[in-house]
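What follows is a set of notes on a single structure, which appears directly below.
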(Lines of atoms letter the chains of each structure in order from A and count residues from 1; the text may use other names and numbers.)
(Lines give C-alpha, C1' and ligand atoms only; values in the text may rest on other atoms or scores of the structure.)
Protein backbone atom coordinates (compact mmCIF):
# COMPACT_ATOMS: atom_id res chain seq x y z
CA UNK A 1 0.00 0.00 0.00
CA UNK A 2 1.36 3.45 -0.93
CA UNK A 3 2.31 5.79 1.90
CA UNK A 4 -0.43 8.25 0.96
CA UNK A 5 -3.14 5.59 1.18
CA UNK A 6 -1.82 4.38 4.53
CA UNK A 7 -1.71 7.89 5.95
CA UNK A 8 -5.17 8.83 4.70
CA UNK A 9 -6.57 5.55 5.99
CA UNK A 10 -5.09 6.25 9.41
CA UNK A 11 -6.49 9.80 9.40
CA UNK A 12 -9.92 8.57 8.37
CA UNK A 13 -9.82 5.89 11.05
CA UNK A 14 -8.86 8.36 13.78
CA UNK A 15 -11.51 10.88 12.78
CA UNK A 16 -14.03 8.07 12.28
CA UNK A 17 -13.48 6.88 15.84
CA UNK A 18 -13.81 10.45 17.07
CA UNK A 19 -17.03 10.93 15.09
CA UNK A 20 -18.42 7.65 16.47
CA UNK A 21 -17.64 8.76 20.01
CA UNK A 22 -19.40 12.08 19.42
CA UNK A 23 -22.42 10.46 17.81
CA UNK A 24 -23.07 7.67 20.30
CA UNK A 25 -25.79 8.78 22.70
CA UNK A 26 -25.33 12.37 21.69
CA UNK A 27 -25.85 15.04 19.05
CA UNK A 28 -22.86 15.32 16.74
CA UNK A 29 -24.25 18.60 15.37
CA UNK A 30 -23.56 20.22 18.72
CA UNK A 31 -19.86 19.94 17.95
CA UNK A 32 -20.13 22.05 14.79
CA UNK A 33 -19.60 25.78 15.16
CA UNK A 34 -18.39 28.08 12.40
CA UNK A 35 -17.13 30.77 14.79
CA UNK A 36 -14.98 28.33 16.73
CA UNK A 37 -13.59 26.88 13.50
CA UNK A 38 -12.83 30.37 12.21
CA UNK A 39 -10.90 31.29 15.35
CA UNK A 40 -8.84 28.10 15.37
CA UNK A 41 -8.23 27.52 11.66
CA UNK A 42 -7.88 31.14 10.63
CA UNK A 43 -5.97 32.09 13.75
CA UNK A 44 -3.54 29.17 13.43
CA UNK A 45 -2.78 30.01 9.81
CA UNK A 46 -2.42 33.74 10.51
CA UNK A 47 -0.10 33.32 13.50
CA UNK A 48 1.98 30.72 11.65
CA UNK A 49 2.46 33.21 8.82
CA UNK A 50 3.72 35.75 11.36
CA UNK A 51 6.45 33.31 12.38
CA UNK A 52 7.25 32.25 8.80
CA UNK A 53 6.95 33.87 5.40
CA UNK A 54 4.05 32.96 3.08
CA UNK A 55 6.56 31.28 0.75
CA UNK A 56 7.79 29.07 3.61
CA UNK A 57 4.24 28.11 4.58
CA UNK A 58 3.41 27.24 0.96
CA UNK A 59 6.64 25.22 0.78
CA UNK A 60 5.57 23.32 3.92
CA UNK A 61 2.22 22.49 2.33
CA UNK A 62 3.94 21.33 -0.84
CA UNK A 63 6.48 19.21 1.05
CA UNK A 64 3.71 17.69 3.15
CA UNK A 65 1.83 16.66 0.02
CA UNK A 66 5.03 15.21 -1.41
CA UNK A 67 5.73 13.30 1.80
CA UNK A 68 2.24 11.80 1.79
CA UNK A 69 2.96 10.37 -1.66
CA UNK A 70 6.40 9.05 -0.78
CA UNK A 71 6.67 5.33 -0.12
CA UNK A 72 8.96 4.12 2.67
CA UNK A 73 12.51 4.06 1.36
CA UNK A 74 13.98 0.59 0.85
CA UNK A 75 17.65 1.16 1.65
CA UNK A 76 18.66 -2.41 0.99
CA UNK A 77 17.04 -2.42 -2.44
CA UNK A 78 18.77 0.87 -3.26
CA UNK A 79 22.17 -0.50 -2.20
CA UNK A 80 21.60 -3.68 -4.17
CA UNK A 81 20.73 -1.63 -7.25
CA UNK A 82 23.92 0.41 -6.91
CA UNK A 83 25.97 -2.77 -6.51
CA UNK A 84 24.51 -4.23 -9.70
CA UNK A 85 25.15 -1.02 -11.64
CA UNK A 86 28.74 -0.98 -10.34
CA UNK A 87 29.22 -4.56 -11.54
CA UNK A 88 27.89 -3.75 -15.01
CA UNK A 89 30.00 -0.61 -15.17
CA UNK A 90 33.15 -2.55 -14.32
CA UNK A 91 32.45 -4.96 -17.18
CA UNK A 92 31.17 -2.60 -19.87
CA UNK A 93 32.30 0.85 -18.71
CA UNK A 94 30.09 3.95 -18.63
CA UNK A 95 28.16 2.61 -21.62
CA UNK A 96 26.40 0.25 -19.20
CA UNK A 97 25.59 3.20 -16.93
CA UNK A 98 24.16 5.17 -19.84
CA UNK A 99 21.86 2.26 -20.70
CA UNK A 100 20.48 2.30 -17.16
CA UNK A 101 19.51 6.00 -17.20
CA UNK A 102 16.10 5.62 -18.96
CA UNK A 103 15.04 3.20 -16.19
CA UNK A 104 15.56 5.81 -13.47
CA UNK A 105 12.66 8.17 -14.12
CA UNK A 106 11.35 7.61 -10.58
CA UNK A 107 14.76 8.30 -9.04
CA UNK A 108 15.75 11.73 -10.37
CA UNK A 109 18.61 12.14 -7.87
CA UNK A 110 20.23 8.87 -8.96
CA UNK A 111 19.60 9.66 -12.62
CA UNK A 112 21.36 13.03 -12.25
CA UNK A 113 24.24 11.42 -10.33
CA UNK A 114 24.90 8.78 -12.98
CA UNK A 115 24.20 11.23 -15.79
CA UNK A 116 26.98 13.49 -14.56
CA UNK A 117 29.38 10.55 -14.64
CA UNK A 118 28.33 9.72 -18.19
CA UNK A 119 28.88 13.37 -19.15
CA UNK A 120 32.47 13.10 -17.96
CA UNK A 121 32.27 15.38 -14.91
CA UNK A 122 35.05 14.73 -12.42
CA UNK A 123 34.14 12.41 -9.56
CA UNK A 124 35.14 14.95 -6.91
CA UNK A 125 32.86 17.55 -8.49
CA UNK A 126 30.02 15.02 -8.73
CA UNK A 127 30.44 14.18 -5.04
CA UNK A 128 30.34 17.86 -4.09
CA UNK A 129 27.21 18.61 -6.11
CA UNK A 130 25.40 15.51 -4.86
CA UNK A 131 26.23 16.33 -1.24
CA UNK A 132 24.96 19.89 -1.69
CA UNK A 133 21.73 18.62 -3.24
CA UNK A 134 21.29 15.98 -0.55
CA UNK A 135 21.70 18.51 2.24
CA UNK A 136 19.33 20.98 0.59
CA UNK A 137 16.66 18.33 0.05
CA UNK A 138 16.81 17.05 3.62
CA UNK A 139 16.91 20.55 5.10
CA UNK A 140 13.86 21.58 3.09
CA UNK A 141 11.90 18.69 4.61
CA UNK A 142 13.12 19.53 8.12
CA UNK A 143 12.24 23.21 7.70
CA UNK A 144 8.73 22.23 6.61
CA UNK A 145 8.40 19.90 9.60
CA UNK A 146 9.42 22.78 11.88
CA UNK A 147 6.64 24.92 10.43
CA UNK A 148 4.10 22.17 11.08
CA UNK A 149 5.43 21.73 14.63
CA UNK A 150 4.97 25.45 15.21
CA UNK A 151 1.44 25.32 13.83
CA UNK A 152 0.71 22.33 16.08
CA UNK A 153 1.74 24.43 19.08
CA UNK A 154 -0.32 27.42 17.92
CA UNK A 155 -3.59 25.52 17.34
CA UNK A 156 -4.29 24.66 21.03
CA UNK A 157 -3.27 28.22 22.01
CA UNK A 158 -5.82 29.60 19.54
CA UNK A 159 -8.34 27.23 21.08
CA UNK A 160 -7.61 28.75 24.48
CA UNK A 161 -8.00 32.27 23.07
CA UNK A 162 -11.37 31.25 21.63
CA UNK A 163 -12.36 29.86 25.00
CA UNK A 164 -11.57 33.20 26.65
CA UNK A 165 -13.58 35.03 23.96
CA UNK A 166 -16.56 32.76 24.57
CA UNK A 167 -16.36 33.19 28.34
CA UNK A 168 -16.18 36.97 28.06
CA UNK A 169 -19.23 36.95 25.80
CA UNK A 170 -21.06 34.67 28.20
CA UNK A 171 -20.28 36.79 31.26
CA UNK A 172 -21.33 39.93 29.42
CA UNK A 173 -24.76 38.46 28.64
CA UNK A 174 -25.75 36.77 31.88
CA UNK A 175 -28.97 38.78 31.84
CA UNK A 176 -29.94 37.01 28.58
CA UNK A 177 -30.19 33.26 29.19
CA UNK A 178 -30.62 32.54 25.46
CA UNK A 179 -27.14 33.93 24.71
CA UNK A 180 -25.33 31.90 27.34
CA UNK A 181 -25.54 28.62 25.43
CA UNK A 182 -23.98 29.84 22.13
CA UNK A 183 -21.22 31.72 23.99
CA UNK A 184 -20.40 28.65 26.08
CA UNK A 185 -20.35 26.53 22.89
CA UNK A 186 -17.74 28.80 21.36
CA UNK A 187 -15.75 28.70 24.60
CA UNK A 188 -15.62 24.91 24.72
CA UNK A 189 -15.50 24.07 21.02
CA UNK A 190 -12.51 26.27 20.25
CA UNK A 191 -10.48 24.34 22.81
CA UNK A 192 -11.76 21.10 21.27
CA UNK A 193 -10.95 22.19 17.71
CA UNK A 194 -7.49 23.42 18.69
CA UNK A 195 -6.64 20.14 20.40
CA UNK A 196 -7.90 18.09 17.46
CA UNK A 197 -6.08 20.17 14.85
CA UNK A 198 -2.81 20.20 16.75
CA UNK A 199 -2.79 16.62 18.04
CA UNK A 200 -4.52 14.67 15.28
CA UNK A 201 -3.42 16.55 12.16
CA UNK A 202 -0.45 18.91 12.42
CA UNK A 203 1.79 17.04 14.87
CA UNK A 204 1.45 13.66 13.05
CA UNK A 205 2.16 15.33 9.70
CA UNK A 206 5.26 16.97 11.16
CA UNK A 207 6.43 13.61 12.48
CA UNK A 208 5.85 12.07 9.05
CA UNK A 209 7.89 14.79 7.37
CA UNK A 210 10.73 14.17 9.81
CA UNK A 211 10.60 10.43 9.15
CA UNK A 212 10.56 10.97 5.37
CA UNK A 213 13.49 13.36 5.74
CA UNK A 214 15.46 10.75 7.68
CA UNK A 215 14.68 8.06 5.10
CA UNK A 216 15.55 10.34 2.20
CA UNK A 217 18.84 11.34 3.84
CA UNK A 218 19.88 7.68 4.06
CA UNK A 219 18.65 6.85 0.55
CA UNK A 220 20.41 9.79 -1.11
CA UNK A 221 23.61 9.01 0.82
CA UNK A 222 23.53 5.48 -0.62
CA UNK A 223 23.00 6.80 -4.16
CA UNK A 224 25.73 9.42 -3.79
CA UNK A 225 28.27 6.98 -2.34
CA UNK A 226 27.46 4.37 -4.99
CA UNK A 227 27.71 6.86 -7.85
CA UNK A 228 31.07 8.15 -6.58
CA UNK A 229 32.39 4.58 -6.29
CA UNK A 230 31.24 3.84 -9.85
CA UNK A 231 32.95 7.03 -11.05
CA UNK A 232 36.18 5.93 -9.39
CA UNK A 233 35.80 2.50 -11.03
CA UNK A 234 35.96 0.78 -7.66
CA UNK A 235 35.73 -2.99 -7.62
CA UNK A 236 32.20 -4.19 -6.74
CA UNK A 237 33.65 -5.66 -3.56
CA UNK A 238 34.81 -2.18 -2.57
CA UNK A 239 31.39 -0.78 -3.48
CA UNK A 240 29.83 -3.43 -1.25
CA UNK A 241 31.92 -2.28 1.74
CA UNK A 242 31.20 1.38 0.98
CA UNK A 243 27.45 0.84 0.87
CA UNK A 244 27.31 -1.50 3.85
CA UNK A 245 28.97 1.16 5.97
CA UNK A 246 25.78 3.20 5.47
CA UNK A 247 23.39 0.35 6.30
CA UNK A 248 22.37 -1.38 9.52
CA UNK A 249 23.65 -4.93 9.79
CA UNK A 250 20.26 -6.49 9.01
CA UNK A 251 20.03 -4.65 5.66
CA UNK A 252 23.53 -5.10 4.33
CA UNK A 253 24.07 -6.32 0.78
CA UNK A 254 26.54 -8.88 -0.49
CA UNK A 255 28.49 -9.04 -3.74
CA UNK A 256 27.59 -12.34 -5.35
CA UNK A 257 31.04 -13.14 -6.77
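In the working numbering, the protein residues as written are 42 to 298. Each residue gets a CB set at the ideal place from its N, CA and C atoms; glycine is no exception.
Item: Selected residue, minimal CA-CA separation from residue 287, among 84, 197, 117; Value: 117
Item: Check whether residue 261 and residue 165 have beta carbons under 8 Å apart; Value: no
Item: Distance between residue 98 and residue 171 (C-alpha atoms, nearest Å); Value: 26 Å
Item: Separation of residue 142 from residue 228, as counted between CA atoms; Value: 59 Å
Item: Close Cβ partners of residue 127 (< 8 Å) along its chain, the five nearest in sequence each way excluded; Value: 267, 270, 271, 275, 277, 280
Item: Cβ contact check for the region 226-240 and the region 195-204: 3 or more pairs under 8 Å; Value: yes
Item: Local conformation of residue 73 per DSSP, three classes; Value: coil
Item: Bounding residues of the alpha helix (DSSP H) (the contiguous stretch that carries residue 92); Value: 84-92
Item: Residue 285 to residue 120 span [Cα, whole Å]; Value: 8 Å
Item: Status (buried if at least 16 other CB within 10 Å, exposed otherwise) for residue 290; Value: exposed
Item: Limits of the unbroken alpha helix (DSSP H) element including residue 209; Value: 164-213
Item: Contact between the region 136-150 and the region 73-83 (3+ Cβ pairs under 8 Å); Value: no
Item: Collapsed DSSP secondary structure at residue 124 in the structure displayed; Value: helix
Item: Inter-residue Cα distance where the pair is residue 42 and residue 108; Value: Low confidence applies to residue 42: its pLDDT is 41, below 50, so where it sits in the model is not reliable enough to give any reading.
Item: Residue interval of the alpha helix (DSSP H) (run including residue 263); Value: 244-272
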